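The structure appears right after this line, and notes come after that.
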Amino acid sequence: MFAETAQQPVVTATYWVPVIMLFGGARPGELAQLKVEDLREQFNGRPHLSVLCEDDDDDEEPDVEPAQKPAAKDLRRVKTEAGRRLIPIHPMLIRMGLLDLFHRRRREVGATGQLFKDVKPNAHGHYSAALTKRINRRLRALGITNKRFVLYSLRHNFIEACNASSMPLGTRNKIVGHQTEGMGGIYGNPLPEQWESDWIEKVTYEGLDLEPYLSLGAAGKVGTPGRKRMPIRSG
2 MFAETAQQPV VTATYWVPVI MLFGGARPGE LAQLKVEDLR EQFNGRPHLS
52 VLCEDDDDDE EPDVEPAQKP AAKDLRRVKT EAGRRLIPIH PMLIRMGLLD
102 LFHRRRREVG ATGQLFKDVK PNAHGHYSAA LTKRINRRLR ALGITNKRFV
152 LYSLRHNFIE ACNASSMPLG TRNKIVGHQT EGMGGIYGNP LPEQWESDWI
202 EKVTYEGLDL EPYLSLGAAG KVGTPGRKRM PIRSG
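Residue 36 in the working numbering is what sits at position 35 of the sequence shown, and the numbering runs on without skipping anything.
See below:
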């Protein structure tokens, strides 16, 4: 799947959302609606994504048209009381060029512009509906016929990787946007402490081939639109 999405334009959600979900655990809707200003470069000494929190719904497309469409100019959807959370950006995403994408889009559309070019809200206010369907269709075309495996599965992969790294439950919940049970979940600091942000470096995937993302240009740089990037040569 990553070999497939890595061939998409590097300014699109189709290219970035799957790998950000894998290394950050965010929901598709939280990532699809990112704006350029949602990058916090120096929180706890490392870059973070500031995302608008959504509910933990696998199906982000409602079955019934709402009686009234969102009237606010900013249609980005906030569905939990937490409002926002900060997700530490995994070093692998930095190597792939995610920070460079933010900087480039700031030059192109300004701080309040959308990060990705290929998403816009539908009538229900969902930014990720078309994206989710598009990537799920690609999965089926690759021969993954089990409908349990969808784009959203990458969020579950991240959660399992957090567990495998022995990340504390409270820290994991802060990153993925789950409410911690008990009084700590009510009165605790919703933002990660520095030691919690540092846990992101321990999230790994043994045997995962990310060469399609890492070899299509100098690590950390975004190529020119419409121009094929040359692979990195060793030696």
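Quick reminder that beta carbons are idealized off the backbone N, C-alpha and C, glycines included. Computed from a prediction, not measured in an experiment: that's the story for all the values here.
Cutoff 7 Å: residue 7 Cβ touching any chain B Cβ: In the structure shown, chain B does not exist; there is a single protein chain.
Counted within 10 angstroms of its Cβ, other Cβ atoms place residue 121 as buried (16 or more) or exposed: exposed
Residue environment, residue 34, which counts as buried when at least 16 other CB atoms sit within 10 Å: buried
Three-way DSSP call (helix, strand, coil) for residue 134 in this model: helix
Bridge partners - residue 47, DSSP secondary structure assignment: 44
Contacting residues, own chain, Cβ-Cβ under 8 Å from residue 37 (five flanking each side not counted): 103, 106, 107, 110, 111, 112, 113, 114, 115 and 116
With 16 other Cβ atoms within 10 Å as the buried cut-off, status of residue 221: The pLDDT assigned to residue 221 is 47, lower than 50, so where the model puts this residue is not dependable; a value taken from the coordinates is nonetheless given after this. Classification for residue 221: exposed.
Residue 132 beta carbon less than 7 Å from that of residue 88: no
Three-state secondary structure assigned by DSSP to residue 28: coil
Residue 26 and residue 149 closer than 7 Å at C-beta: no
Contact set for residue 9: own chain, Cβ-Cβ below 6 Å, skip 5 residues either direction: 15 and 16
Between the CA atoms of residue 39 and residue 138 - distance to the nearest angstrom: 29 Å
Three-state secondary structure assigned by DSSP to residue 175: helix
Residue from 53, 142 and 99 whose Cα sits closest to the Cα of residue 5: 142
Residue nearest to residue 11 in terms of C-alpha spacing, selected from 98, 32, 42 and 52: 98
Buried versus exposed, by CB contacts within 10 Å (16 or more), residue 129: buried
Residue 23 versus residue 159: straight-line alpha-carbon distance, rounded: 5 Å
Distance between beta carbons of residue 52 and residue 214, contact taken as under 8 Å: Contact doesn't hold; Cβ gap of about 21 Å is too wide.
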